[in-house]
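Chemist: Residue numbers (the numbering used here): 2 to 316. Note that the Cβ used here is the ideal one computed from N, Cα and C, for glycine as well. The structure follows.
Given below as structure tokens:
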């Protein structure tokens, strides 16, 4: 319809200008054609612009849709970020709390460990000291056992030598025994004394002299002379001996004196003691038992000073 309008306009223009010169007409016609071409070009540009606008509008809509999606995604991501930050903050707080507790616990455990180490060091020192003490005590025990073994060997050797020295006497007259680390020389009253007397007979002196000879060869031996009686009451006619105890003391003293005066034994080594009837070795109900109870026991004790030193050192 628009083309029709333009044609009509051109015809009118042509009719009104019929008097114009052909040149003018041609110019007008060329100008009209130019305008028409420009119009058509503008229409084409317009259509293109509309198409472009439509395309851009679609793009805008798409972009708006994408923007909406992106904004929604941003909001979602922001929410996730917020949630993550909350979780992170919670975890960080828990971590910090645990770290604080762990640090405190580590400090406490470290202090406890140091205390245990101090205790262990003390215990280790105590054990070391105890070990040293035990070693020292074991050494003393070893030394003591060695000395005891030597002493026992010496006592056994002494017993043998004394028994050999007194071989001329019967078992009824004397016996030599070893007991509790000592040597016991037991002499019957028949060998030494007459009944009720404390004077030593000749044969008794011979036995004591032989014994003294052996004792003088073993100077480290202590000598105790012990007198024993039976339980029959005795009192000397002269009244000097009032009871068995007096008799046992006098007999022990006499034997000790003979060992010292005639046997030349150092008096500092000799001790005399009387026990009366109170240490019988047999029953006093028979004559044989009473005879065995009436005796002089010479107890020979080895020097125990070295043993005592070791025992004192162990205290």
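#1: Which residues share a DSSP beta bridge with residue 274?
#2: What first and last residue would you give for the beta strand (DSSP E) that runs through residue 299?
#3: Does the beta-carbon of residue 189 have 16 or more other beta-carbons within 10 angstroms, so that it is buried, or is it exposed?
#4: By the three-class DSSP mapping on this structure, what secondary structure does residue 209 have?
#5: Going by the CB atoms, is the gap between residue 230 and residue 209 shorter than 8 Å?
#6: On the three-pair Cβ rule with 8 Å, is the stretch 253-260 touching the stretch 271-287?
#7: Near residue 171, what residues of its chain come up, given a Cβ to Cβ distance below 8 Å and the 5 sequence neighbours on each side ignored?
#8: Using C-beta distances below 6 Å, list every residue in its chain close to residue 296, excluding the 5 sequence neighbours before and after it, in chain order.
#9: In the stretch 173-209, which residue ranges form an unbroken beta strand (DSSP E) of at least 3 residues, counting only runs that do not cross its ends?
#10: Is the stretch 211-220 close to the stretch 259-268, with three or more CB pairs under 8 Å?
#11: Which class does residue 123 belong to by DSSP, given the choice of helix, strand or coil?
#12: With a CB to CB cut of under 6 Å and the five nearest residues on each side skipped, what residues in its chain are close to residue 225?
#13: Using 8 Å as the threshold, is the stretch 178-185 in touch with the stretch 155-163, meaning 3 or more CB pairs across them?
#14: Taking only three categories from DSSP, how would you classify residue 222?
#15: Taking C-beta to C-beta, are residue 220 and residue 204 nearer than 8 Å?
Modeler: So, from the listed chains and residues:
#1: Within the chain shown, numbered from 1, the residue matching residue 274 stands at position 273. In the DSSP output, where bridge partners are listed per residue, residue 274 has 227.
#2: The residue given as residue 299 occupies position 298 in the chain shown. Counting along the chain, the beta strand (DSSP E) containing residue 299 begins and ends at 296-303.
#3: Within the chain shown, the letter at position 188 stands for residue 189. Its Cβ being crowded by 16 or more others within 10 Å, residue 189 is buried.
#4: As a first step, residue 209 is located in the chain shown; it is residue number 208 there, counting from the start. Correct three-state label for residue 209: helix.
#5: The residue you call residue 209 lines up with position 208 of the chain shown. The residue you call residue 230 lines up with position 229 of the chain shown. Cβ atoms of residue 209 and residue 230: not closer than 8 Å.
#6: yes
#7: Along the chain shown, read from residue 1 onward, the residue named residue 171 stands at position 170. When the five nearest sequence neighbours on each side are left out, no beta carbon in the same chain lies closer than 8 Å to the beta carbon of residue 171.
#8: For this step, residue 296 is matched to residue 295 along the chain shown. Only 187, 189 and 229 meet the Cβ criterion.
#9: Taking only runs of at least 3 residues, the beta strand (DSSP E) segments lying wholly in the stretch 173-209 are 175-180 and 183-189.
#10: yes
#11: On the chain shown, residue 123 is found 122 positions in, with the first residue counted as 1. Helix at residue 123.
#12: In the chain shown, residue 225 corresponds to position 224, counting from 1. Result list for residue 225: 272 and 300, in chain order.
#13: yes
#14: As a working note, residue 222 is residue 221 in the chain shown. Three-state DSSP puts residue 222 in a strand.
#15: Stepping through the chain shown from its first residue, residue 220 is reached at position 219. Stepping through the chain shown from its first residue, residue 204 is reached at position 203. No.
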